[in-house]
Each structure stands twice: as C-alpha cells, then as structure tokens.
Amino acid sequence: MQQDDIMEQLLLDLFSKYPAGKKEGLIPILQEIQEEKGSLTGEILTAVAQHLELPVNKVYGVAAFYNQFLFRPHGAFHIQVCDGTGCHLGGSVSLLTAVEKFLKIKAGNTSRDGQFSLEAVPCMGACDQSPVISINGERYPRINEEELRKIIGVIKEKKV
Numbered sequence: 002m003q004q005d006d007i008m009e010q011l012l013l014d015l016f017s018k019y020p021a022g023k024k025e026g027l028i029p030i031l032q033e034i035q036e037e038k039g040s041l042t043g044e045i046l047t048a049v050a051q052h053l054e055l056p057v058n059k060v061y062g063v064a065a066f067y068n069q070f071l072f073r074p075h076g077a078f079h080i081q082v083c084d085g086t087g088c089h090l091g092g093s094v095s096l097l098t099a100v101e102k103f104l105k106i107k108a109g110n111t112s113r114d115g116q117f118s119l120e121a122v123p124c125m126g127a128c129d130q131s132p133v134i135s136i137n138g139e140r141y142p143r144i145n146e147e148e149l150r151k152i153i154g155v156i157k158e159k160k161v
C-alpha cells in the first residue's frame, strides 16, 4: 500500500469516528493524525477542514497554537532545551548554542539525516533542576555543556 493510500485510509477511519461538521472533533482528529503520522501537512489540514466544515486557516490556527502539533517530523533523537526563566538564568542559552554548533542545526530544525531535531521550549516545569534538557522525553537535570556533548556523542555513535 502506498503512503497516499495509507493516509487516505487513516483519514477515512478518523472521519467515520468524528461526525462531519462537528468542530469539537478538531483536536482529537489532529491528535490521532499526529500520533500516527508524526506531523501534520497542509493537505491533511485541508482535508480535516473540509470534513469539519471549518475554514482551513482556523484548523491551521488551532494546530499552530498547540505545541504538541508538528508541521515537520522530529528527528530520531528530539532534543528539547528548556528556556524558562530558571533555566535561562541557569545557562540554557549556552546549552542551546552548544547543541546548535555540535549538531550543525538551528533550533526548530531537523538534521539532514533525520537523526536529530532541536527545539527551545518555554518551560519544562523543572525550575529547581535548571538547566534541563530532554532527549526523546528523558530529562537531564542540572546539565552542563560538557555532559551534553558526551550524551550527544554517545547517541551519534549509536545512530538509529
């Protein structure tokens, strides 16, 4: 089965669960697509908008508002650097800069090989452990640049 056919079947299955024209299905539909596909595309947002009888810009606005929705898939190793007040004061900016240099990607992007993605997040809710990063959901509290480089170095050697 081709990717387009798989996506079409996923949408048909979802649309059968959420009635046409019912806007309360928007977030659950987007969540299920995100979980299955890893990211949302313009084509997907258009299909959802048509099904729910909503303007495409409204569907896009909702998807853009919530940081759980992605418009590009994450890398195999998704690195999040907390930039909340505590982490910012604890040195998160230098951690973010170090990761950008080490991996040669900017925050908000994914490496060309799809192995790494980097994101600065507003808060991880761990101010007492600042600075904090997360790699694929595993948190690393009170981390410094040297420790971070070691962790990423180990991951680079593994490669998925």
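Quick note: the sequence shown uses our numbering, first residue 2, plus one each step.
The beta carbon of each residue, even a glycine, is placed where N, CA and C say it ideally should be.
| Asked | Found |
| --- | --- |
| Local Cβ density within 10 Å of Gln10, reported as buried at 16 or more and exposed below that | exposed |
| Runs of beta strand (DSSP E) lying entirely within the stretch 57–108, each at least 3 residues, in chain order | 78–83 |
| Which listed residue (Leu53, Cys124, Pro20) has its alpha carbon closest to that of Asn68 | Cys124 |
| Boundaries of the alpha helix (DSSP H) in which Glu120 is found, first to last residue | Element bounds for Glu120: not the alpha helix (DSSP H) but the beta strand (DSSP E), 117–122. |
| Simplified DSSP state of Asp129, which is helix, strand or coil | helix |
| For Ile144, the first and last residue of its enclosing beta strand (DSSP E) | First-last for Ile144: undefined, no H or E at that position. |
| Nearest to Pro56 (by Cα), restricted to the options Phe72, Arg73, Gly22 | Gly22 |
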